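The next block holds one structure in the form of structure tokens; read it before the comments.
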RNA sequence: GCGGCCGUAGCUCAGCCAGGUAGAGCACCCGGUUGUGGUCCGGGAUGUCGCGGGUUCAAGUCCCGUCGGUCGCCCCA
């Protein structure tokens, strides 16, 4: 760092995660992985960057994410690499690479980590953002769809986020299903091209489904009469969707059918869903997911169905508002007097820590009053006071900071008395 | 990528319209005589007024640019 340039900021769209917010993050991510584990989803870690083709072929070159938002770079070996913009394609790549699908199916995997997309930042939308998610791979049963969706909803409720579940089926690519529907939708849009908002006209050919996302009034009016994918599903996809809805009913998972819900990644088939919250303004999606029965093949592997979701930690933390996070300091050791007391305090704090009890103390030479204040601020339940009197008798004064009661106990007994 | 608003102490903000030596609250530190916090009282430290340029005798204040944030569009987690 040169003398003239010493004030760096985190890059645009990124931010430093500092205490106490960092504690809440750990808490939410830990809760997610715990809840996922209850359903048999084991953690998996894939690299932060992948060969660019993983996303081009997996997510789809026509998507906004791949076309405009990826952090792609060439390394010294002249390989094109990309910071992962999402988690599903890498997990499926890893499954195929290690032949995990040759074992018992479905594979149930969970992940948590940062993703990268170069978008214009705003609240709830960052260039590096964290997701937790699960993938259930190798089985196309509707029961798996129901399990995955219920799990996502339960986790969100457990961490205090009120969401609405939007549900749709977007079929599969064949001409008797989404393929035929897209042709019909395109015909419909072409006939009314002049009625669409100007910005939406180029979507007719490029990605007609996305016209459903438009907020332009002219387009919305046109789309009211547009054919719906759910009226054009093939028999198999229709039956699958009916089964998913029935099972969600069994599990008492409330949902809203949203036949205009389309998702931005090309690999989705059949079931598509989104969890939306009213707390987030423009970025109302807390998370979403769906089935991706064609993804493994487009990555060059065996045909392998799958379903999963991803949830945005940044948005979850915003949507749940401020919450108390568990404090880790249980005892604050207060030293009164000279160097001898300070040494005894460090020794007692260390004993407590070795016994697995959170303990802290003043190492900045504060007055007793200052130390008591620190004790309050630390969130500790107990203050253990060591002064001349206590040192002479081998005791400590234990003060319960919640009730202000205090009594003397042997120094060696402190751990037992305060143990939660 | 496009448009609106904003950027002053660690935090939340006032001061800007009508240029004249930088403020409040909270937080932080010390103290209110002998060893007790969360309340109260007194005192204290802290600012390249986001950055760069311009106008002016004089710019936190006006103008331009730039970076960053935020809201909307777009997209999505």
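In our numbering, the protein residues as written are 846 to 1265. For each residue, glycine too, the CB sits at the ideal point set by N, CA and C. Source: prediction; values computed, not measured.
Can you tell me the Cβ-Cβ gap for residue i and residue j, rounded? I've got them flagged as a contact below 8 Å.
i: residue 1086; j: residue 1115; result: 7 Å
i: residue 919; j: residue 925; result: 6 Å
i: residue 1140; j: residue 1151; result: 6 Å
i: residue 1053; j: residue 1030; result: 5 Å
i: residue 978; j: residue 1182; result: Not quite, the Cβ-Cβ distance comes to about 55 Å (not below 8 Å), so this is no contact.
i: residue 1204; j: residue 1194; result: 4 Å
i: residue 970; j: residue 1144; result: Their Cβ separation, rounded to whole angstroms, is 27 Å, which puts residue 970 and residue 1144 out of contact at 8 Å.
i: residue 1241; j: residue 1263; result: Contact doesn't hold; Cβ gap of about 10 Å is too wide.
i: residue 1048; j: residue 1055; result: 5 Å
i: residue 1003; j: residue 876; result: 7 Å
i: residue 1000; j: residue 880; result: 5 Å
DSSP three-state label for residue i, please.
i: residue 1170; result: coil
i: residue 1266; result: Since the displayed the chain opens at 846 and closes at 1265, residue 1266 lies outside it and no answer follows.
i: residue 1012; result: strand
i: residue 861; result: coil
i: residue 959; result: strand
i: residue 1065; result: helix
i: residue 970; result: strand
i: residue 1035; result: helix
i: residue 1165; result: coil
i: residue 888; result: strand
i: residue 1155; result: strand
i: residue 1219; result: helix
i: residue 977; result: strand
i: residue 1115; result: strand
i: residue 853; result: coil
i: residue 901; result: helix
i: residue 1242; result: strand
i: residue 848; result: The predicted position of residue 848 is uncertain, since its pLDDT is 28 and thus under 50; a value taken from the coordinates is nonetheless stated next. In this structure, residue 848 counts as coil in the three-state DSSP scheme.
i: residue 1007; result: coil
i: residue 1046; result: coil
i: residue 1253; result: strand
i: residue 1130; result: strand
i: residue 1181; result: coil
i: residue 989; result: helix
i: residue 1107; result: coil
i: residue 1078; result: coil
i: residue 1264; result: coil
With burial defined as no fewer than 16 other Cβ atoms inside 10 Å of the residue's Cβ, what is the status of residue i: buried or exposed?
i: residue 1208; result: exposed
i: residue 954; result: buried
i: residue 1184; result: exposed
i: residue 883; result: exposed
i: residue 1212; result: exposed
i: residue 1094; result: exposed
i: residue 1101; result: exposed
i: residue 849; result: A caution first: residue 849 carries a pLDDT of 31, below 50, which makes its placement in the model unreliable, though a value can still be read off. Residue 849 should be labelled exposed.
i: residue 935; result: buried
i: residue 1190; result: buried
i: residue 1202; result: buried
i: residue 991; result: buried
i: residue 1010; result: buried
i: residue 1221; result: exposed
i: residue 1248; result: exposed
i: residue 1092; result: buried
i: residue 1069; result: exposed
i: residue 1014; result: buried
i: residue 855; result: exposed
i: residue 1245; result: exposed
i: residue 900; result: buried
In the DSSP output, what is residue i paired with across the bridge?
i: residue 1287; result: Residue numbering for the chain in the displayed model covers 846 to 1265; residue 1287 lies beyond these limits and cannot be assessed.
i: residue 896; result: 926
i: residue 994; result: Answer is none; residue 994 lacks a bridge partner.
i: residue 984; result: Beta-bridge pairing links residue 984 to no other residue.
i: residue 954; result: 887 and 980
i: residue 916; result: 928
i: residue 1136; result: 1114 and 1152
i: residue 1227; result: 1176 and 1245
i: residue 1120; result: 1010 and 1132
i: residue 1089; result: Paired residue(s): none; residue 1089 is not in a bridge.
i: residue 1102; result: 1012
When you measure from the CB of residue i to every non-hydrogen atom of the ligand NAD, does any distance come out below 7 Å?
i: residue 978; result: In the structure on display, the ligand NAD does not appear, and there are no ligands present to speak of.
Quiz item: So, do the region 980–991 and the region 942–956 have three or more beta carbon pairs nearer to each other than 8 Å?
Solution: With the cut-off at 8 Å, the region 980–991 and the region 942–956 touch.
Quiz item: Does the region 1164–1180 come close enough to the region 1214–1228 that 3 or more CB-CB pairs lie under 8 Å?
Solution: Counting Cβ pairs under 8 Å, three or more are found: they touch.
Quiz item: Any contact of the region 1118–1125 with the region 1160–1167, i.e. 3+ C-beta pairs under 8 Å?
Solution: The region 1118–1125 makes contact with the region 1160–1167, as at least three CB pairs between them are under 8 Å.
Self-check item: Cβ pair count under 8 Å reaching 3, the region 1056–1076 against the region 1025–1041
Solution: Yes, since at least three Cβ pairs between the region 1056–1076 and the region 1025–1041 fall closer than 8 Å, the two stretches touch.
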